[in-house]
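Here the structure is laid out as structure tokens; the discussion comes afterwards.
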Amino acid sequence: SWFLGVIMADHEDDDYQCRIKEGDYVVLKRGDIFKAMQIQPRKKVIFEKQWFFLDNAVGHLYGATFEIVSGGTLQPEKPKDTVSSKEAGTDNRNIVDDGKSQKLTRDDIETLKEQGLKGQQIIDQLIKNSSTFRDKTEYAQDKYIKKKKKKYENTVTILKPSCRILALMYHGREPGKICHMRYDTLAQMLTLANIHAGSKVLVFETCAGLVLGSVMERMGGYGSVIQMYPGGGPVRAGVESFGFPAHFHDMLHEFPICHVNSLLAGTLDTTAQEKKARLEEKRKKLAAAAALLEGRNADGLVIASRFHPCPVLMGLLKFLSPSRPFVVYSQYKEPLIECYTKLREHGGTVNLRLTDTWLRHYQVLPNRTHPVLLMSGGGGYLLSGTTVAMDRSKPAGSQQAEEPAPKRQKLTDTEG
Amino acid sequence: MSFVEYSDFIQDGDVAIVYLSHDSMMPVKVQQGAQTQTRYGVIRHSTDLIGQRYGSKVTCSKGGWVHVLHPTPELWTVSLPHRTQILYTTDIATITMMLELKPGSVVCESGTGSGSLSHAILRTIAPTGHLHTVEFHQQRAEKVAEEFQEHRVDHLVTVRNQDVCKDGFGVTGVADAVFLDIPSPWEAVKHAKAAMKRRGGRVCSFSPCIEQVQRTCETLAEEGFQEISTMEVLLRVHDVRTVSLPLPDFGPDPSEPDTEREAPTTSGPTHAAVTLKTTTPPREIPGHTGYLTFATKPRT
Chain A
1 SWFLGVIMAD HEDDDYQCRI KEGDYVVLKR GDIFKAMQIQ PRKKVIFEKQ WFFLDNAVGH
61 LYGATFEIVS GGTLQPEKPK DTVSSKEAGT DNRNIVDDGK SQKLTRDDIE TLKEQGLKGQ
121 QIIDQLIKNS STFRDKTEYA QDKYIKKKKK KYENTVTILK PSCRILALMY HGREPGKICH
181 MRYDTLAQML TLANIHAGSK VLVFETCAGL VLGSVMERMG GYGSVIQMYP GGGPVRAGVE
241 SFGFPAHFHD MLHEFPICHV NSLLAGTLDT TAQEKKARLE EKRKKLAAAA ALLEGRNADG
301 LVIASRFHPC PVLMGLLKFL SPSRPFVVYS QYKEPLIECY TKLREHGGTV NLRLTDTWLR
361 HYQVLPNRTH PVLLMSGGGG YLLSGTTVAM DRSKPAGSQQ AEEPAPKRQK LTDTEG
Chain H
1 MSFVEYSDFI QDGDVAIVYL SHDSMMPVKV QQGAQTQTRY GVIRHSTDLI GQRYGSKVTC
61 SKGGWVHVLH PTPELWTVSL PHRTQILYTT DIATITMMLE LKPGSVVCES GTGSGSLSHA
121 ILRTIAPTGH LHTVEFHQQR AEKVAEEFQE HRVDHLVTVR NQDVCKDGFG VTGVADAVFL
181 DIPSPWEAVK HAKAAMKRRG GRVCSFSPCI EQVQRTCETL AEEGFQEIST MEVLLRVHDV
241 RTVSLPLPDF GPDPSEPDTE REAPTTSGPT HAAVTLKTTT PPREIPGHTG YLTFATKPRT
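Set out below in structure tokens:
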């Protein structure tokens, strides 16, 4: 049965959910750069080398774009069309790249900035003072304007956080914090593990809480998530950035892995009442998590950490019901090969797959459509599978071997 | 059993997945008194399935055995009867995240096709969301509606047999996300916009051909969509293999002391070899499926 949290009435025209409020967790965006933060009154924030206050954003709709004006305040952006130059050339055979085409110096541009000229106006000035602009082809002019926009833009868009946006942000900003997990890999994990409302999912991650938060988003507050954690305490900084409603935290539990063995052996005692209120609170939480685990009937397992995945997987699989999915992420392939081998020996799993994904972006423009760049191979690897009832009668060794026997090497006539 | 909620024991009327091997799975409608043929023999539903745990091993009449699994959209995708070309899990997973689907999301989809993506969407938006799916082929629309019922997800979905390019999705101003997998998606962009909530949402168009992508992107931009982005996702499978690499024989080395050299295994009477575990790509890899174009509808 599902735990039904407070269901907010969904008023179609009620903008409440789509307006920026004080205290909200938001994500700032400019181009492909993202940064997560909380809206706090009169707090100076830094984003892309600019300092400003977010106060003026309160009350506006999510997705709104603002200009950063002098003084560091936000002003709603006024959409302006770039003046399309009627003049254009046919090719670049006569354009010499001597670095002298632009007549404005760096100091001139600084002066313009000090005069309070906005990004678009600076770009217009650059175009006016470029001796080669009108000789460029239309496409080259577009490209030039796009490049200048990226450099002189002083706008920022405020977005509502989501798994998609935060995964993009972490991958672009701090990939080390998430074990270099690319966002398409995270997408695969959530689907392969069949994360959905109402289930009981175990998560072991050292990805700053991004994986945990993404699992929670896909469960919508229904069901339960047990964060298994190594060391002192569960790391959840990233979960905050999702800006979940308070009741979502009711579904989140945690359990230290140092107690896993005793829990499995049945020797973990969570009944001894503590005198101190804080310790008693901790004991109750531990007892609650232990109660969810000891039935060994979890519905899914997601592992994504810097720890060697093999012992983590073999230890935590025991908590799953039969016929349930599990997904293990690793930055490297070899540890997953080990996991695969161990699982085949041990039995109790089927449909094992070791995969990685490649994501390729495209620029789509008339007569200029082509791939942008192939993502770096460094997106990480996944091992996925499904649990089955453990076969106690037969010895280990699959009747239908999924791994064909190694072929005998053929010796050609020329070899010895 | 349902495709949106797990259960532990197989019951009469369930749809279960019979797993023979990683490339051989079949869905089975569990029925009192029924039988299912497999290459390992017969499975008798009343004795072998009903009342058994999902995940159990089932021994078939010829002595071979299979496992019976609880259905999931992912297992359904690789075992469902194709009426059309379907979307596979790699694309489905990307679409799900990029459209920001979650419990409570209201989604519009066209064409429904064989229902591969539909089942994945239903799993993600349950229990409070809804899927409005449009299929212009009458028999396919009826078949998929039947399956939604059998899979106990029909309360979450409305199937409409109409042409999305002419008649839209049948609803307006309700969708958080719209998905298009049709030959001429640019003809449906206006309808997608109308179906979406005023406050905005996400749209995705899936097209095998780049020309379709170009027209769709143009129309999306004309209709005021933002953050237009086209990509493709390719899956690489790594098959774990034990390989034995023979070591070359350069003849006895007179400079080296006469110590016993270790050979972990020997593959033949004269050659030493090294065994290692590695991965190889499968002989054929699925390459291109289609381009995914995403965009955001701002508040209107």
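The listed protein sequences derive, respectively, from chains A and H.
Read in UniProt numbering, the first sequence has 123 at position 123, and its numbers run on one by one without any break.
Read in UniProt numbering, the second sequence has 59 at position 59, and its numbers run on one by one without any break.
Each residue gets a CB set at the ideal place from its N, CA and C atoms; glycine is no exception.
Length of the line joining the Cα atoms of residue i and residue j
i                        : j                            : result
aspartate 24 of chain A  : phenylalanine 242 of chain A : 10 Å
serine 4 of chain H      : glutamate 110 of chain A     : Checking the sequence, you will find valine at residue 4 of chain H rather than serine. Their backbone Cα atoms lie some 59 Å apart in a straight line.
valine 153 of chain H    : alanine 126 of chain H       : 9 Å
leucine 117 of chain H   : histidine 361 of chain A     : 22 Å
valine 240 of chain H    : threonine 158 of chain H     : 43 Å
alanine 295 of chain H   : glutamate 232 of chain H     : 15 Å
proline 245 of chain A   : valine 372 of chain A        : 38 Å
glycine 111 of chain H   : serine 184 of chain H        : 11 Å
arginine 173 of chain A  : valine 328 of chain A        : 23 Å
alanine 194 of chain H   : alanine 188 of chain H       : 10 Å
glycine 224 of chain H   : phenylalanine 136 of chain H : 27 Å
asparagine 56 of chain A : isoleucine 39 of chain A     : 10 Å
alanine 289 of chain A   : phenylalanine 248 of chain A : 16 Å
threonine 280 of chain H : threonine 355 of chain A     : 11 Å
cysteine 165 of chain H  : valine 171 of chain H        : 14 Å
leucine 190 of chain A   : threonine 124 of chain H     : 10 Å
asparagine 94 of chain A : histidine 130 of chain H     : 60 Å
DSSP three-state assignment for residue i, whether helix, strand or coil
i                         : result
aspartate 154 of chain H  : helix
methionine 390 of chain A : coil
aspartate 356 of chain A  : strand
valine 260 of chain A     : helix
leucine 69 of chain H     : strand
residue 425 of chain A    : Any question about residue 425 of chain A goes unanswered here, given that chain A covers just 1 to 416.
threonine 266 of chain H  : Only weak support exists for where threonine 266 of chain H lies, its pLDDT of 47 falling under 50; the value from the coordinates is given anyway. It is a strand residue.
glutamate 280 of chain A  : helix
arginine 368 of chain A   : coil
proline 325 of chain A    : strand
arginine 134 of chain A   : helix
serine 384 of chain A     : strand
histidine 288 of chain H  : coil
methionine 228 of chain A : strand
methionine 169 of chain A : helix
lysine 200 of chain A     : strand
valine 312 of chain A     : helix
asparagine 297 of chain A : coil
serine 1 of chain A       : The predicted model places serine 1 of chain A with a pLDDT of 37, which falls under 50 and marks its position as unreliable; any figure quoted below should be read in that light. Serine 1 of chain A falls in the coil class under three-state DSSP.
glutamine 37 of chain H   : strand
Residue i versus the options, residue with shortest Cα-Cα distance
i                         : options                                : result
glutamine 141 of chain A  : A:Ala277, A:Glu87, A:Ile226, A:Leu28   : A:Glu87
valine 134 of chain H     : H:Glu147, H:Ala120, H:Phe169, H:Lys62  : H:Phe169
leucine 292 of chain H    : H:His22, H:Val203, H:Ala145            : H:Val203
alanine 141 of chain H    : H:Ser114, H:Glu284, H:Glu256           : H:Ser114
tyrosine 16 of chain A    : A:Lys78, A:Glu205, A:Gly59, A:Ala290   : A:Gly59
aspartate 135 of chain A  : A:Asn92, A:Ile20, A:Asp124             : A:Asn92
valine 15 of chain H      : H:Glu227, H:Gly63, H:Leu75, H:Thr59    : H:Leu75
alanine 64 of chain A     : A:Leu28, A:Ile95, A:Met375, A:Gly221   : A:Leu28
leucine 192 of chain A    : H:Asp8, H:Tyr88, H:Ser255, H:Val164    : H:Tyr88
leucine 101 of chain H    : A:Ile195, A:Ser130, A:Phe47            : A:Ile195
isoleucine 95 of chain H  : H:Val58, H:Phe9, H:His137, H:Ala177    : H:Ala177
proline 41 of chain A     : A:Gln50, A:Glu48, A:Ile20              : A:Ile20
isoleucine 127 of chain A : A:Leu104, A:Tyr139, A:Lys113           : A:Leu104
proline 335 of chain A    : A:Gly209, A:Phe34, A:Ser305, A:Met251  : A:Ser305
tyrosine 222 of chain A   : H:Gln37, H:Gly51, H:Gly104, H:Ile10    : H:Gly104
isoleucine 17 of chain H  : H:Val213, H:Ala192, H:Ile210, H:His151 : H:His151
threonine 128 of chain H  : A:Gly220, A:Phe255, A:Phe34, A:Met228  : A:Gly220
Beta-carbon neighbours of residue i, restricted to chain H and to distances below 9 Å
i                         : result
isoleucine 337 of chain A : His238, Val240, Lys277, Thr278, Thr279
alanine 208 of chain A    : By Cβ distance, chain H contributes nothing, its closest Cβ being about 18 Å from alanine 208 of chain A, past 9 Å.
histidine 361 of chain A  : Ser229, Thr230, Met231, Glu232
8 Å Cβ cut-off: residues of chain H touching residue i
i                         : result
aspartate 299 of chain A  : Tyr6
aspartate 15 of chain A   : Arg199
asparagine 194 of chain A : Thr72, Pro73, Glu74, Arg123
Chain-ordered chain A contacts of residue i [CB-CB under 8 Å]
i                         : result
methionine 196 of chain H : The premise fails here: methionine 196 of chain H is roughly 11 Å from chain A at the closest Cβ pair, so nothing lies under 8 Å.
proline 208 of chain H    : The premise fails here: proline 208 of chain H is roughly 14 Å from chain A at the closest Cβ pair, so nothing lies under 8 Å.
Would you say the region 162 to 172 of chain A touches the region 116 to 131 of chain A, given that touching needs at least three Cβ pairs under 8 Å? Using a C-beta cut-off of 8 Å, the region 162 to 172 of chain A makes no contact with the region 116 to 131 of chain A, since fewer than three inter-stretch Cβ pairs fall below that distance.
Hey, is the region 371 to 382 of chain A in contact with the region 312 to 321 of chain A, meaning 3+ C-beta pairs nearer than 8 Å? As far as the Cβ criterion goes, the region 371 to 382 of chain A does not touch the region 312 to 321 of chain A, which means the pair count is below three.
Evaluate the contact criterion for the region 288 to 302 of chain A versus the region 200 to 216 of chain A: three or more CB pairs, one atom per stretch, below 8 Å. Yes, they touch.
Would the region 212 to 220 of chain A count as touching the region 260 to 277 of chain A if we require 3 or more Cβ pairs under 8 Å? The region 212 to 220 of chain A vs the region 260 to 277 of chain A: no contact.
Could you say if the region 144 to 162 of chain A and the region 345 to 352 of chain A meet the contact criterion of at least three C-beta pairs nearer than 8 Å? Output reads no: the region 345 to 352 of chain A does not touch the region 144 to 162 of chain A.
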